[in-house]
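Worksheet: the structure to be examined is printed underneath.
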């Protein structure tokens with residue numbers, strides 16, 4: 070709306086004053102308010118989606134940091150065992166019960182463990198800085214050792230999660246607000262074909278004639294160039310709304326894909342965790358213990374003993390890696406669905 074106040078001094082004995090107000094055609098103000106409301110609601114949903122995204126990235130960085138800490142503990146433990154193996158191989162070689170390559174192999178694996186620890190330490194420092202960045206803290210702020218991870222179970226089926234996406238996913242709700250905004254913008258653009266009004270009231274005072282007067286005015290803004298202005302505005306609003314609808318469908322498809330992908334990753338991780346924890350690692354542990362006993366009495370060679378230790382180490386790292394990947398997939402599902410899956 071446009072409000073105008075005016076005062077005019079014609080002569081020393083005559084003055085005019087008045088006010089005018091532009092009044093949009095009925096419905097235009099309501100539609101403009103509806104467009105602004107949809108914009109605000111869309112921005113709110115985009116904010117919620119951004120917050121979920123940051124939380125998911127923070128959880129992923131935290132779980133990666135946890136994996137690095139656990140890996141360092143496993144490798145450091147095996148480094149001490151390798152040191153014992155190297156001493157045993159050296160002692161056996163000194164008395165002629167082992168060959169020199171056994172000593173070299175033990176020393177090589179010990180050096181590989183030290184190199185792996187150096188790599189893990191660098192990765193740990195980088196992940197600490199990443200976690201601090203995501204929580205808006207200085208990169209060098211210290212972080213404690215992450216506690217053990219408890220597996221988070223899925224609370225809903227895939228079909229239920231698909232329904233929850235339609236209801237709760239902020240990214241999808243933001244796109245819906247964009248489509249609704251487009252509908253209101255189309256209605257507003259079509260309402261622009263109708264004229265606006267300009268209402269004014271003016272008064273004057275003539276001191277010489279001792280007379281007062283007033284004037285009432287109604288003006289209409291006629292859209293003479295509707296072909297090049299209003300009509301093009303409608304076409305633009307229609308195109309914008311169609312683009313928003315296509316974006317809505319694209320976001321829906323992307324969310325459904327991410328849901329299926331991460332859901333499958335959770336199921337895969339659960340199966341592998343069960344196999345590794347209940348079968349492979351107990352078998353690898355028994356194999357190492359058997360190899361250690363056999364090596365002590367000379368029925369198992371050093372290479373078999375060393376391979377048994379390294380196999381157990383890799384299985385332990387793989388188990389914890391699957392636990393971490395399981396939790397990271399759960400975090401991504403929370404981001405996708407908008408709530409706990």
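Residue numbers (our numbering): 70 to 410.
Where is the CB? At the ideal position from N, CA and C, for every residue including glycine.
- Excluding the 5 residues flanking it on each side, residue 398 has same chain C-beta neighbours closer than 6 Å at 331, 334 and 335, in chain order.
- Shown here for residue 396: same chain residues with a beta carbon closer than 8 Å to its own, the five before and five after excluded, namely 128, 132, 218, 220 and 221 in chain order.
- Between the region 89-109 and the region 239-250 there are three or more C-beta pairs closer than 8 Å, enough to call the two in contact.
- For residue 281, the number of other beta carbons within 10 angstroms of its own is below 16, and it is reported as exposed.
- Within its own chain, the residues whose Cβ lies closer than 8 Å to the Cβ of residue 382, once the five positions on either side in sequence are excluded, are 143, 144 and 147, listed in chain order.
- Taking each of 372, 113, 192 and 357 in turn and checking the Cα distance to residue 242, the smallest one comes out for 113.
- Rounded to whole angstroms, residue 303 and residue 261 show a C-alpha spacing of 9 Å.
- Less than 9 Å divides the Cβ of residue 176 from the Cβ of residue 155.
- Looking at 360, 134, 180 and 341, the one whose alpha-carbon comes closest to that of residue 151 is 180.
- Annotated three-state conformation of residue 96 is coil, per DSSP.
- The three-state reading of DSSP puts residue 369 in coil, since its state is none of H, G, I, E or B.
- Under the 10 Å beta carbon count, residue 272 is surrounded by fewer than 16 other beta carbons and is classified as exposed.
- Contact annotation: residue 327 and residue 255 have beta-carbon atoms that are not nearer than 9 Å.
- In chain order, 374 place their CB closer than 6 Å to the CB of residue 364, counting only its own chain and leaving out the 5 sequence neighbours on each side.
- By the CB criterion at 9 Å, residue 134 and residue 200 fall inside the cutoff.
- Note: residue 330 is not bridge-paired with any residue in the DSSP secondary-structure output.
- Residue burial is scored here from C-beta neighbours: residue 119 has fewer than 16 other C-beta atoms within 10 angstroms and is therefore classed as exposed.
- In the DSSP secondary-structure assignment, residue 115 is not bridged to any residue.
- Here the C-alpha atom of residue 173 lies approximately 28 Å from the C-alpha atom of residue 352.
- Within the same chain, Cβ atoms closer than 8 Å to the Cβ of residue 124 are found at 400, 403 and 404, the five residues on either side in sequence being excluded.
- C-alpha of residue 165 to C-alpha of residue 178: approximately 22 Å in a straight line.
- Sixteen is the threshold: since fewer than 16 other Cβ atoms of the shown chains lie within 10 Å of the Cβ of residue 163, the residue is exposed.
- Where residue 166 is concerned, there is no enclosing alpha helix (DSSP H), because DSSP gives it neither an H nor an E.
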